[in-house]
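Under my numbering, the final residue of the sequence shown carries the number 110; numbering is consecutive throughout.
Quick reminder that beta carbons are idealized off the backbone N, C-alpha and C, glycines included.
One structure is given here, and the rest of the page talks about it.
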Amino acid sequence: ETNHAWNSVKINDKWYLMDVCWASGKIAKRKRKINSGRNDFYYLTPPEEFIKTHRPVKNNWQLLSEPVSMRKYIRIANTEIKTKISWYRFWTPF
């Protein structure tokens, strides 16, 4: 089961991943407007980086030569949160 979706795009015979939701500014709920805060990291992201925060249901859409299991993904995501990606960056889209 999945609770989020993103896109795969093919440009010049090469596949890229992107999450326009996470790349967009966040919504100020009380003011009902979109704040600035665009995050270009999630546009045309290399698969090796994208897997650190997104794992598709179908392994072939990871676009990796060796698919990452759910167990390994959880380990990678937890490591990224602790060392590289701040909680703010990781959870801001929601």
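| query | result |
| --- | --- |
| For tyrosine 58, three-class secondary structure by DSSP | helix |
| Beta-carbon proximity of glutamine 78 to proline 62, cut-off 8 Å | no |
| C-alpha gap between isoleucine 27 and arginine 54, whole angstroms | 22 Å |
| C-alpha gap between asparagine 75 and arginine 46, whole angstroms | 39 Å |
| Alpha-carbon to alpha-carbon, alanine 39 and aspartate 56 | 6 Å |
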